[in-house]
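A.B. asks: Right, I'll just put the structure down here and ask away after.
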Amino acid sequence: MNTRRSFLKTGLALGASAAVLPSLAQAVAVEQPSPAANAAAKDATKEKSVLVAVREGSRAAMLDKAMAELGGIGRFVKKGQLVVIKPNIGWNATPERGANTHPELVGAMVKLCRDAGAARVVVFDKTCDKWTDTYSRSGIEAAVKAAGGEMAPGNDESWYKDCEFPKGKILKSGKVHRLVLEADVFINMPVLKHHSGSLVTASMKNLMGVIWDRGFYHKASLHQCIADFVTFRAPDLNILDAYHPMFRHGPRGKTVEDVVEKRMLFASTDIVAIDAAGAKVLDREPTQVTHIGMAQELGLGVMDLSKVDIRRHSLA
Amino acid sequence: MSQHDDAHDHDQTPVHWHKHLRVVAALLLMAGLTAALVDFRELMPVRAGHWLASVQVVPALLALLSGALVPALILAGLLLATLVAGRIYCSVLCPLGILQDVVSRLARLFRQRRKPLPFAREQAWLRHGFVWGSVLAALAGWGTFALTLLDPYSNYGRFASTLFRPVLTWTNNQVVGLTEALGWTSVYRVDLPLPGLGALLFPAALLTLIVVLAALRGRLWCNTVCPVGTVLGWISKHAAFRIGIDSSSCTRCAQCIRSCKAQCIDLRAGQVDFSRCVACYNCVSVCDERGIGYKWSWGRRTGKGNTLAGTGNPATAGHAGGTTRITPAKTTGALTGNDSTSTGPRNPERRKLLRDSAHGLIAGSGLALLAREVRAQGSGTGTAEPTADAYPAEAPSPSTSSTVPGSQSAASTTTPPASPASAQAQPAPARPASLGVTPPGSRSVPRFLARCTACQLCVSACPKHVLQPALFEYGLKGFMKPRLDFTASFCDYDCRACAEACPDGAIDLLPIEEKQLEQIGLARFYEDRCIVKVKGTDCAACSEHCPTKAVETIPFGVNLRLPQVNESLCIGCGACQFACPVLPEKAIIVTGLQQHGLAVRTQEKPSAPAPKAPTGDFPF
Chain A
1 MNTRRSFLKT GLALGASAAV LPSLAQAVAV EQPSPAANAA AKDATKEKSV LVAVREGSRA
61 AMLDKAMAEL GGIGRFVKKG QLVVIKPNIG WNATPERGAN THPELVGAMV KLCRDAGAAR
121 VVVFDKTCDK WTDTYSRSGI EAAVKAAGGE MAPGNDESWY KDCEFPKGKI LKSGKVHRLV
181 LEADVFINMP VLKHHSGSLV TASMKNLMGV IWDRGFYHKA SLHQCIADFV TFRAPDLNIL
241 DAYHPMFRHG PRGKTVEDVV EKRMLFASTD IVAIDAAGAK VLDREPTQVT HIGMAQELGL
301 GVMDLSKVDI RRHSLA
Chain B
317 MSQHDDAHDH DQTPVHWHKH LRVVAALLLM AGLTAALVDF RELMPVRAGH WLASVQVVPA
377 LLALLSGALV PALILAGLLL ATLVAGRIYC SVLCPLGILQ DVVSRLARLF RQRRKPLPFA
437 REQAWLRHGF VWGSVLAALA GWGTFALTLL DPYSNYGRFA STLFRPVLTW TNNQVVGLTE
497 ALGWTSVYRV DLPLPGLGAL LFPAALLTLI VVLAALRGRL WCNTVCPVGT VLGWISKHAA
557 FRIGIDSSSC TRCAQCIRSC KAQCIDLRAG QVDFSRCVAC YNCVSVCDER GIGYKWSWGR
617 RTGKGNTLAG TGNPATAGHA GGTTRITPAK TTGALTGNDS TSTGPRNPER RKLLRDSAHG
677 LIAGSGLALL AREVRAQGSG TGTAEPTADA YPAEAPSPST SSTVPGSQSA ASTTTPPASP
737 ASAQAQPAPA RPASLGVTPP GSRSVPRFLA RCTACQLCVS ACPKHVLQPA LFEYGLKGFM
797 KPRLDFTASF CDYDCRACAE ACPDGAIDLL PIEEKQLEQI GLARFYEDRC IVKVKGTDCA
857 ACSEHCPTKA VETIPFGVNL RLPQVNESLC IGCGACQFAC PVLPEKAIIV TGLQQHGLAV
917 RTQEKPSAPA PKAPTGDFPF
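Protein chains in written order, with my numbering: chain A, 1 to 316; chain B, 317 to 936.
Following this line, the structure appears as C-alpha cells:
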C-alpha cells in the first residue's frame with residue numbers, strides 16, 4: 001500500500017515536471033508512430049496493392065503520370081502540411097552517375113507538394129560522404145531550393161530522437177531523424193541501384209538514411225533491420241527512380257558506365273511491391289533480395305507481383 | 317608648451333604612414349591566414365590560404381628546394397625587401413610576429429603605469445645558437461625537423477589549426493541550438509575530431525610561452541629564438557633604409573623606447589640595433605622631434621648600431637667608413653655583444669667583414685644541407701616515381717587479392733567467374749609499411765617528412781577531417797605532421813584540398829585522375845573478423861564505400877556476399893576501414909606505404925549497351 005502510494009506520487013511528480021519542462025519531456029519521451037502513419041501499409045495488405053509503372057518519358061513527366069494514376073498529389077498532401085521527402089543522397093557524386101536520386105525528380109516532387117499547398121517541404125538524407133558537399137554535388141540542394149523546398153541536416157545527431165520499434169524482430173530501438181517523426185506526409189524517393197551487400201537497394205534500403213546508427217544494421221542483421229524499420233514508419237508514398245539504374249559497383253558506383261538507361265519510374269504505397277519491381281529491373285528475383293521476403297513476412301506488403309495491381313504506362 | 321614649440325611641432329609632425337600601412341597590411345594578412353587555418357566550414361577558398369602561406373619564408377624556401385619556380389621569386393622578393401627596408405617580413409607577413417604584436421599591445425593597455433621596456437642587449441649566443449643548431453640538425457638530416465619546431469609561420473599554423481579551430485567549432489556548435497530555433501539553416505553543427513592530447517600539448521605549451529614572453533618582453537622570441545628573424549637580421553643590418561637616431565634633433569624624451577617592441581633602441585648610445593628591429597615604425601610615429609627616422613643608409617657599415625646619418629650633424633657625418641657613432645667607443649664595444657674580445661678590435665671593419673662572411677657561410681651551408689635533405693627524397697614536382705613493383709603488370713585481376721586466408725576453401729570456391737586462370741599467382745611482393753599514412757600527392761613518407769613543416773594548413777583544409785597531426789606514427793621526425801586517421805574519417809576520392817593548401821611543396825597538386833591512382837596505403841581484409849563470415853549475415857559496408865571497387869563482394873555461403881580486396885585497384889583511402897562496423901579491431905584495415913605506388917587504371921566498359929530505341933516492356 002505504502003509502496004504503491006509512493007509509486008503514484010513519484011509518477012505524479014514526474015508528470016508534473018514533464019509538464020513544466022515540455023522540451024525535456026519531448027526529448028525523453030519515446031516516440032510512437034502515429035496511427036495514420038501506417039495506414040498506407042495496412043491498406044496495402046488488405047486491398048490489392050497498386051504499383052504504377054511508367055516508362056519512356058522525362059523524369060518529371062513520368063512522375064506526373066504516376067501521381068495522376070494514384071489519384072493525384074491531393075490524395076497524399078493536404079494544405080498546410082509538413083511534407084518530408086527522403087531521396088537517396090548517399091554519395092558525393094554527380095547526377096549522371098546514378099548514385100543518388102536524380103535532382104530533377106526530387107525538384108519536381110517538391111514542386112508538386114508545394115503546389116498542393118504543403119506548408120513546408122523538407123528534404124534530407126544521412127549521407128555517407130560529407131553532407132554539405134554531397135547535397136550540392138548531387139544537384140539536389142539546388143533543385144529543392146529552386147522548387148520552394150528546404151534542405152535539413154541529416155548528419156547531426158541532435159536531430160535524431162530515441163524511438164522503439166516494438167514490431168521489429170532484431171531492430172527494437174534506435175534514433176530516428178525528428179523530421180520523420182514530425183512529418184504529416186513522409187515521401188520516400190529512392191534511386192534503384194545494385195548493392196554489394198544487400199544485392200539491391202531501393203525503397204526499404206533507402207530508409208537506412210533516417211536512422212542514426214547504421215552500424216547496428218551491419219552488425220546485427222542488415223536485411224532484417226532494413227525490414228524491421230518499416231514496421232515503425234512506412235512511408236506514405238514511395239517513388240522509385242529507375243531512369244538509369246546502377247547495374248554494378250553499387251551503391252557508390254565508379255563511373256557513368258555503371259548505369260544503364262531504362263527510363264522507368266515506379267510509384268506505390270506498397271514498399272515491398274515496389275522493391276520487388278526494382279529487383280526485376282536489375283535482373284534479380286525478389287526472392288534473392290533477402291529483405292524483400294522478410295518485409296513480406298512482417299506483413300508490410302506483397303512481393304509476388306502477380307498479386308499486385310500493376311498499372312503500366314508508356315509515354316513514348 | 318611654448319608658442320615656439322608649437323610651431324616647431326607643426327613643422328616636425330611625426331611620420332605616421334609607415335606605421336599605419338604596417339598595421340593595416342599586417343592585420344589583413346593575419347585575418348586571411350587565420351581564417352584559412354580556423355575555417356571549419358570550408359568557407360574560404362583553399363587556394364587563398366595557400367597563397368597567403370606561400371609568401372612565408374620557410375614554406376617558400378622548402379618549396380623552392382623541392383623544385384618549384386614561383387617560391388624562388390617570392391623568396392627573392394622577401395630577401396630584397398629586407399635588404400631595402402629591413403625586416404618587413406617580421407612586421408607585416410609573419411603571423412607569429414603579428415600575434416606577438418597584438419599580445420604586447422593588449423598587455424600595454426594593462427600596464428600603463430609600469431615603466432617601459434628598456435634597451436636590452438642582444439642575446440647573441442642564444443640567438444645565433446638556434447641558427448647554428450638548425451644547421452647542425454640539417455647536417456644530421458634533421459633540418460626540416462628543426463624548421464618544423466622553429467618556423468614562426470608553422471608554429472602559428474599549429475596554434476590556429478590545432479587550438480583555435482576546435483574552440484571556434486565548439487562555440488559554433490553551442491550557438492546552433494539558438495540559430496536552429498530562429499530557423500537559420502546557414503549555421504549547422506560541425507563534428508571536428510580532436511587530435512590526440514599529445515598533439516594538443518606541444519602547441520598549447522608553446523603558445524603559452526610566446527604569449528607570456530610577448531606580454532612581458534615584446535618581440536623577444538623573434539630576436540632570440542626565431543632563426544628566420546636572426547637570418548633576416550643579418551641582412552637587415554645592411555639594409556638600404558634603416559632606422560636611426562638623429563642626435564641633433566633627439567631630445568631624449570624616450571618616447572621611442574616606450575613604443576619599441578624589440579628593445580633595440582639604445583638612446584644612451586644614440587644607436588638602433590637594426591638587426592633586431594622588426595620594422596614596426598612605432599618609434600617613428602611617436603617622435604615629435606624627428607629625432608628617430610627612416611633614412612637612406614646604404615653602404616654604411618654600422619654594425620649592430622645605427623644612427624640617423626645625413627642630417628648635417630657634424631658629430632656623425634665625419635666618421636671614416638661611414639660609421640656614425642656619436643658615443644664613446646667603450647659603450648659601443650659593449651653593445652656588440654657577440655664580439656668576445658672586450659678589449660676592442662684593432663681593425664673593426666675587418667672583423668665585421670669576417671663576421672658577415674661567417675653569417676653568410678652558416679646560412680649558405682644550412683641551405684645546402686637542407687637542399688640535400690629535401691632533394692634526397694625524389695626529385696621535384698614531376699610525376700610519381702613509384703618503385704617497379706608498384707606497377708602491377710596490366711589489367712586488374714583479383715589475383716593480387718589480399719585476403720588474409722582464413723578458410724582456403726572458401727577463397728578458392730568463391731573466385732568470381734571473371735577471374736583469369738592466373739588466380740594462383742603468388743601474392744604481390746611485400747612493400748615497406750608505414751604506421752602513419754601520408755596524403756595522396758606526397759609520394760613517399762621520407763619525401764613528405766623532408767618537406768613538411770607541420771603548419772596544419774592541409775589539416776584545416778581537409779573537408780573530411782581525415783588529416784590529423786601525428787604524434788609518433790612517423791617517429792619523432794614526423795611529430796605534428798599530418799597523417800590520415802581512418803578512425804576519424806576517410807579520404808574523399810574527388811578531393812585534393814590538402815595538395816591545394818600545401819605551401820611547402822610536400823604534397824604535389826596532381827591532376828585529379830592521377831591523385832585517384834596514387835596508392836597511399838593498401839587495404840587488407842581479415843576474413844575471420846568479418847561479420848559476413850562470423851555471423852552469416854550480409855554487410856558489405858566496406859565495399860559500399862570503396863570508390864575504386866578494389867573492395868567488391870563475391871558470392872558466399874547461402875545467398876551472402878563476402879568482401880574481397882583487389883590490391884592493384886586499392887589506393888588506401890581508408891573508406892572501407894572507416895565504414896567497417898566490426899569493433900574493436902576492424903575486419904578491413906589500411907596500412908600505409910613508405911613508397912606510394914600507382915593503382916591500375918581500369919578501362920570501364922558500359923554495363924550494357926545503352927538502348928537507343930524504347931527499352932521494351934517492364935520485366936514483370
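Cβ atoms here follow ideal geometry from the backbone N, Cα and C, with glycine treated the same way.
Are the C-beta atoms of residue 198 (chain A) and some chain B residue less than 9 Å apart?
C.D. replies: Within the first sequence, residue 198 (chain A) is the residue found at index 198, counting from 1. It does: the Cβ of residue 198 (chain A) has a partner Cβ on chain B nearer than 9 Å.
A.B. asks: Is it buried or exposed for residue 231 (chain A), if we count other Cβ within 10 angstroms and need 16 for buried?
C.D. replies: Here the question's residue 231 (chain A) lines up with position 231 in the first sequence. Its Cβ being crowded by 16 or more others within 10 Å, residue 231 (chain A) is buried.
A.B. asks: Going by DSSP, what residue range makes up the beta strand (DSSP E) through residue 161 (chain A)?
C.D. replies: Looking up residue 161 (chain A) in the first sequence gives position 161. Here the beta strand (DSSP E) through residue 161 (chain A) covers 160-164.
A.B. asks: Cβ of residue 539 (chain B) less than 9 Å from any chain A Cβ?
C.D. replies: Walking along the second sequence from the start, residue 539 (chain B) turns up at place 223. Output row for residue 539 (chain B): interface = no.
A.B. asks: May I ask which residues mark the beginning and end of the beta strand (DSSP E) holding residue 785 (chain B)?
C.D. replies: Locating residue 785 (chain B) in the second sequence gives position 469, counting from the first residue. Element bounds for residue 785 (chain B): 783-785.
A.B. asks: Is DSSP giving residue 537 (chain B) helix, strand or coil here?
C.D. replies: Working through the second sequence from its first residue, we reach residue 537 (chain B) at position 221. Helix.
A.B. asks: Does chain B have any CB closer than 9 Å to the CB of residue 129 (chain A)?
C.D. replies: As a position in the first sequence, residue 129 (chain A) is number 129, starting the count at 1. Yes, residue 129 (chain A) counts as interfacial toward chain B.
A.B. asks: Note down, in chain order, each residue of its chain lying with its Cβ closer than 7 Å to the Cβ of residue 235 (chain A), except the 5 sequence neighbours on either side.
C.D. replies: Here residue 235 (chain A) refers to the residue found at position 235 of the first sequence. So the list reads 186, 187, 188 and 271, once near-sequence residues are dropped.
A.B. asks: Would you call the region 790-808 of chain B and the region 484-494 of chain B in contact, with 3 or more CB pairs under 8 Å?
C.D. replies: At 8 Å Cβ cutoff, the stretches do not touch.
A.B. asks: If residue 218 (chain A) sits next to residue 857 (chain B), beta carbons under 8 Å apart, how far is it from one beta carbon to the other, in whole angstroms?
C.D. replies: Translated into the one-based positions of the first sequence, residue 218 (chain A) becomes position 218. Translated into the one-based positions of the second sequence, residue 857 (chain B) becomes position 541. Contact flag correct, Cβ pair sits at about 5 Å.
A.B. asks: What do you reckon, are the CB atoms on residue 172 (chain A) and residue 164 (chain A) nearer than 9 Å?
C.D. replies: Here residue 172 (chain A) is taken as the residue at index 172 of the first sequence, counted from 1. Here residue 164 (chain A) is taken as the residue at index 164 of the first sequence, counted from 1. Contact flag set, yes.
A.B. asks: Using the beta-carbon of each residue, which ones in chain B are nearer than 7 Å to residue 305 (chain A)?
C.D. replies: Here residue 305 (chain A) refers to the residue found at position 305 when the first sequence is read from its first residue. Simply 936.
A.B. asks: Going by Cα to Cα distance, which pick from B:772, B:540 and B:407 is closest to residue 815 (chain B)?
C.D. replies: Indexing the second sequence from 1 puts residue 815 (chain B) at position 499. Nearest C-alpha to residue 815 (chain B): B:772.
A.B. asks: Would you say residue 875 (chain B) faces chain A, with C-beta separation under 9 Å as the test?
C.D. replies: Translated into positions along the second sequence, residue 875 (chain B) becomes position 559. True, the Cβ-Cβ gap to chain A drops below 9 Å.
A.B. asks: List the residues of chain B whose Cβ lies closer than 8 Å to the Cβ of residue 288 (chain A), in chain order.
C.D. replies: Taking the first residue of the first sequence as 1, we reach residue 288 (chain A) at position 288. Simply 875.
A.B. asks: Please list, in chain order, the chain B residues whose beta carbon lies closer than 7 Å to that of residue 158 (chain A).
C.D. replies: As a working note, residue 158 (chain A) is residue 158 in the first sequence. Here the neighbours are 505.
A.B. asks: Can you check DSSP and say which residues form a bridge with residue 246 (chain A)?
C.D. replies: For the purposes of this step, residue 246 (chain A) is taken as residue 246 along the first sequence, with counting starting at 1. In DSSP, residue 246 (chain A) forms a bridge with A:193 and A:259.
A.B. asks: How is the beta strand (DSSP E) around residue 53 (chain A) delimited, first residue to last?
C.D. replies: Along the first sequence, read from residue 1 onward, the residue named residue 53 (chain A) stands at position 53. 50-55 is the span of the beta strand (DSSP E), which, as asked, contains residue 53 (chain A).
A.B. asks: Between A:118, A:291 and A:154, which lies nearest to residue 200 (chain A) when the distance is taken from Cα to Cα?
C.D. replies: Within the first sequence, residue 200 (chain A) is the residue found at index 200, counting from 1. The candidate whose alpha carbon is nearest that of residue 200 (chain A) is A:291.
A.B. asks: Please check if any C-beta of chain A sits within less than 9 Å of the C-beta of residue 827 (chain B).
C.D. replies: The residue labelled residue 827 (chain B) in the question sits at position 511 within the second sequence. Closer than 9 Å: no.
A.B. asks: Taking only runs that begin and end inside the region 55-135 of chain A, name each unbroken alpha helix (DSSP H) of 4 or more residues, in chain order.
C.D. replies: If we require 4 residues or more, the alpha helix (DSSP H) runs fully inside the region 55-135 of chain A come out as 59-69 and 103-115.
A.B. asks: Which one of B:765, B:917, B:414 and B:755 has the shortest CA to CA distance from residue 782 (chain B)?
C.D. replies: Translated into positions along the second sequence, residue 782 (chain B) becomes position 466. For residue 782 (chain B), the nearest C-alpha among the options comes from B:755.
A.B. asks: Mind listing which residues of the region 565-587 of chain B have their C-beta closer than 8 Å to chain A's C-betas, in chain order?
C.D. replies: Result list empty, no residue passes.
A.B. asks: Compare the C-alpha of residue 921 (chain B) against each of A:239, A:258 and A:142 and name the closest.
C.D. replies: Position 605 of the second sequence, counted from the start, is the residue given in the question as residue 921 (chain B). Selected option, being the one with the closest Cα: A:258.
A.B. asks: Look at the Cβ atom of residue 869 (chain B), then the Cβ atom of residue 254 (chain A), and state whether they are nearer than 9 Å.
C.D. replies: For the purposes of this step, residue 869 (chain B) is taken as residue 553 along the second sequence, with counting starting at 1. For the purposes of this step, residue 254 (chain A) is taken as residue 254 along the first sequence, with counting starting at 1. No, these two residues do not count as a Cβ contact at 9 Å.
A.B. asks: When the Cα atoms are used, what is the spatial distance from residue 626 (chain B) to residue 612 (chain B)?
C.D. replies: Here residue 626 (chain B) corresponds to residue number 310 of the second sequence, with the count starting at 1. Here residue 612 (chain B) corresponds to residue number 296 of the second sequence, with the count starting at 1. Reliability fails at residue 626 (chain B), whose pLDDT of 41 lies under 50, so the model's placement of it is uncertain and the value that follows must be treated cautiously. Answer to the nearest angstrom: the Cα atoms are 9 Å apart.
A.B. asks: Using 9 Å as the limit for Cβ to Cβ distance, is residue 87 (chain A) near chain B?
C.D. replies: What you label residue 87 (chain A) is simply residue 87 of the first sequence in a count that begins at 1. For residue 87 (chain A), the answer is no, since every Cβ of chain B falls outside 9 Å of its Cβ.
A.B. asks: Using only the alpha-carbon positions, how far apart do residue 136 (chain A) and residue 923 (chain B) sit?
C.D. replies: Sequence index remark: in the first sequence, residue 136 (chain A) carries index 136 (1-based). Sequence index remark: in the second sequence, residue 923 (chain B) carries index 607 (1-based). When rounded, the distance between both Cα atoms is 27 Å.
A.B. asks: Quick check: what's the CA-CA separation for residue 309 (chain A) versus residue 278 (chain A)?
C.D. replies: Residue 309 (chain A) sits at position 309 when you count from the first residue of the first sequence. Residue 278 (chain A) sits at position 278 when you count from the first residue of the first sequence. Going from the Cα of residue 309 (chain A) to the Cα of residue 278 (chain A) covers about 16 Å.
A.B. asks: Look at the alpha carbon of residue 469 (chain B) and the alpha carbon of residue 798 (chain B), and state the distance between them as a whole number of angstroms.
C.D. replies: For the purposes of this step, residue 469 (chain B) is taken as residue 153 along the second sequence, with counting starting at 1. For the purposes of this step, residue 798 (chain B) is taken as residue 482 along the second sequence, with counting starting at 1. Cα to Cα, the separation comes out at about 16 Å.
A.B. asks: Beta carbon of residue 397 (chain B), beta carbon of residue 386 (chain B): below 9 Å?
C.D. replies: The count along the second sequence starts at 1 and reaches residue 397 (chain B) at position 81. The count along the second sequence starts at 1 and reaches residue 386 (chain B) at position 70. Their beta carbons are not under 9 Å apart, which means residue 397 (chain B) does not touch residue 386 (chain B) by this criterion.
A.B. asks: Tell me whether the beta-carbon of residue 65 (chain A) lies closer than 9 Å to the beta-carbon of residue 313 (chain A).
C.D. replies: As a working note, residue 65 (chain A) is residue 65 in the first sequence. As a working note, residue 313 (chain A) is residue 313 in the first sequence. Contact flag set, yes.
A.B. asks: If we cut at 9 Å on Cβ distances, does residue 92 (chain A) have a partner in chain B?
C.D. replies: Position 92 of the first sequence, counted from the first residue, corresponds to residue 92 (chain A). Yes, residue 92 (chain A) counts as interfacial toward chain B.
A.B. asks: Quick check: the region 592-601 of chain B against the region 572-581 of chain B, are at least 3 beta-carbon pairs closer than 8 Å?
C.D. replies: Yes, the region 572-581 of chain B touches the region 592-601 of chain B.
A.B. asks: Can you give me the C-alpha to C-alpha distance between residue 143 (chain A) and residue 102 (chain A), rounded to a whole angstrom?
C.D. replies: Here residue 143 (chain A) corresponds to residue number 143 of the first sequence, with the count starting at 1. Here residue 102 (chain A) corresponds to residue number 102 of the first sequence, with the count starting at 1. Each residue's alpha carbon lies about 10 Å from the other.
A.B. asks: For residue 847 (chain B), which of B:371, B:897 and B:335 has the nearest alpha-carbon?
C.D. replies: Taking the second sequence and counting its residues from 1, the one referred to as residue 847 (chain B) is at position 531. Ranking B:371, B:897 and B:335 by Cα distance to residue 847 (chain B) puts B:897 first.
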